[in-house]
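There are 2 protein chains.
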Amino acid sequence: MVAKAALDELEKILREAGVRITRPRRIILRILSEYDDHPDARAIFRRAVRVDESISLSTVYRTMNLLEDKGAIHRHSFQGGPSRFEHAPQNHHDHLIDVDTGNVIEFASDRIEKLQEEIARDLGYEIVHHRLELYGRKIKTGKGAKGR
Amino acid sequence: MVAKAALDELEKILREAGVRITRPRRIILRILSEYDDHPDARAIFRRAVRVDESISLSTVYRTMNLLEDKGAIHRHSFQGGPSRFEHAPQNHHDHLIDVDTGNVIEFASDRIEKLQEEIARDLGYEIVHHRLELYGRKIKTGKGAKGR
DNA sequence: GTGCAAATGCAAATCGTTAGCAACAAGCAT
DNA sequence: ATGCTTGTTGCTAACGATTTGCATTTGCAC
């Protein structure tokens, strides 16, 4: 989902931020860039192991913390489950989670963003970050069958 | 924060839903009704133990699950911490969490609710529930000092 | 009161995540 | 290339939140 060049660029940025580019990190970074979904640590780990048998789950967790720190990825803590990650998107968006499948759909709404800021301001706060998650179920259209 | 009568009423509703009103449950229900904050299981447990030494943490957890199931309380999973609960509010609202203090401020916005439904509908979904949390920092007004 | 299913307390188990530590490897200096 | 120094790794044990198994107790319908 991300060009090779962009990956190299990211590594460069990280290196300049004092992050050593190790073999496990390179592998995780690549996996992250390929994922279009929002994988959790275990899912990343499973894929990493297929590339390098010796990678440990701890390293995945540590790397996720590091990358989150550096702003390279975002962490989402959806209802009840483990943290799920995505490579930092340039365009901010929120999430609609399909309660039946766990699938995540991204969406963005300027109007909602504006309203949020307005509300916070009225309460005397400035927003540091926010979290908007819609948990929904697919509307069955008249025609087709519906899974699950 | 809730009248005694309302508590009795709630017990009645639960009983009619097939829930046995046991001593631990009665105690927890009362604590919940008195709390104005959004306590987590441990906080509830601490208070419960002061009333009845023998109450166990498991029972608190089990009761929270039960009450959530019955719709008597809402569970919030704010960033990183344990689940926090509040007695089911009649009026829906969202939360602004003070990142410095952990304090929770409730707010409601019809316009945001409407926008959310609209967005979900456009994506082919109906909202089951949603979560909107603003994490903010108090805006320092010119005058006073600022804690922390 | 009596009986029985449901609820309790306790301890052990589970899940996601972090921490401690010895072995190891990135990246700079040589 | 080679060696150093320090950050990073894999491993295992620890952690905090929450759940579960089970023997014992307790609502509450009769």
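If you read the protein sequences in the order shown, they are chains C and Z.
Going by the working numbering, the first sequence opens with residue 635, and the numbers climb by one from there.
Going by the working numbering, the second sequence opens with residue 635, and the numbers climb by one from there.
The beta carbon of each residue, even a glycine, is placed where N, CA and C say it ideally should be.
Model, not experiment: these values are computed from the prediction.
Item	Value
Phe-741 (chain Z) and Ile-678 (chain Z) closer than 9 Å at C-beta	no
Backbone CA spacing between Gly-778 (chain Z) and Asp-674 (chain Z) [nearest angstrom]	Low confidence applies to Gly-778 (chain Z): its pLDDT is 43, below 50, so where it sits in the model is not reliable enough to give any reading.
Leu-766 (chain Z) and Leu-766 (chain C) closer than 9 Å at C-beta	yes
Burial state of Gly-705 (chain C) (16 or more Cβ within 10 Å)	exposed
Environment of Gly-736 (chain C) [buried if 16+ CB atoms lie within 10 Å]	exposed
Collapsed DSSP secondary structure at Tyr-695 (chain C) in the structure displayed	helix
Supposed contact pair Phe-712 (chain Z) and Ile-731 (chain Z) - C-beta distance, whole angstroms, cut 8 Å	6 Å
Rounded straight-line distance, which links the Cα of Thr-697 (chain Z) to that of Ala-640 (chain Z)	19 Å
Whole alpha helix (DSSP H) elements within the region 676-727 of chain Z, 4-residue minimum	691-703
Cβ-based neighbour list, Arg-681 (chain C), same chain, cut-off 7 Å, excluding 5 preceding and 5 following	Ile-665
Chain-ordered residues of the region 710-742 of chain C with a beta carbon less than 8 Å from chain Z	Ser-711, Gln-713, Gly-714, Leu-730, Asp-732, Val-733, Ile-739 and Phe-741
Cβ-based burial, Ala-786 (chain C) [other Cβ within 10 Å; buried from 16]	With chain C covering 635 to 782 only, the question about residue 786 (chain C) has no answer from this structure.
Below-9 Å beta-carbon distance, Ala-754 (chain Z) vs any chain C residue	yes
Arg-774 (chain C): first and last residue of the uninterrupted beta strand (DSSP E) it sits in	The sequence given here places Lys at residue 774 (chain C); Arg does not occur at that position. From DSSP, Lys-774 (chain C) is part of no beta strand (DSSP E); its letter is neither H nor E.
Chain C contact residues for Leu-757 (chain Z), given Cβ-Cβ distances below 7 Å	Leu-730, Ile-739 and Phe-741
Chain C contact residues for Lys-772 (chain Z), given Cβ-Cβ distances below 7 Å	Gly-758 and Tyr-759
Amino acids of chain C, ordered along the chain, whose beta-carbon sits closer than 8 Å to that of Ile-707 (chain Z)	Near Ile-707 (chain Z) there are no residues of chain C at all, since even the closest Cβ is about 15 Å away, more than 8 Å.
Option in C:Glu-760, C:Leu-768 and C:His-763 with minimal Cα separation from Glu-752 (chain Z)	C:Leu-768
Limits of the unbroken beta strand (DSSP E) element including Ile-739 (chain Z)	738-741
CA-to-CA distance, Glu-645 (chain C) to Pro-723 (chain Z), given in whole angstroms	48 Å
Option nearest Leu-691 (chain Z) by Cα separation, candidates Z:Asp-734, Z:Pro-658 and Z:Val-733	Z:Pro-658
Chain C contact for His-763 (chain Z) (CB, 9 Å cutoff)	yes
Secondary structure of Ile-655 (chain C), DSSP reduced to three states	coil
Extent of the continuous alpha helix (DSSP H) to which Leu-757 (chain C) belongs	Segment: none, Leu-757 (chain C) is in no alpha helix (DSSP H) and carries neither H nor E.
Candidates Z:Leu-648, Z:Lys-748, Z:His-721 and Z:Arg-709: closest to Glu-668 (chain Z) by CA position	Z:His-721
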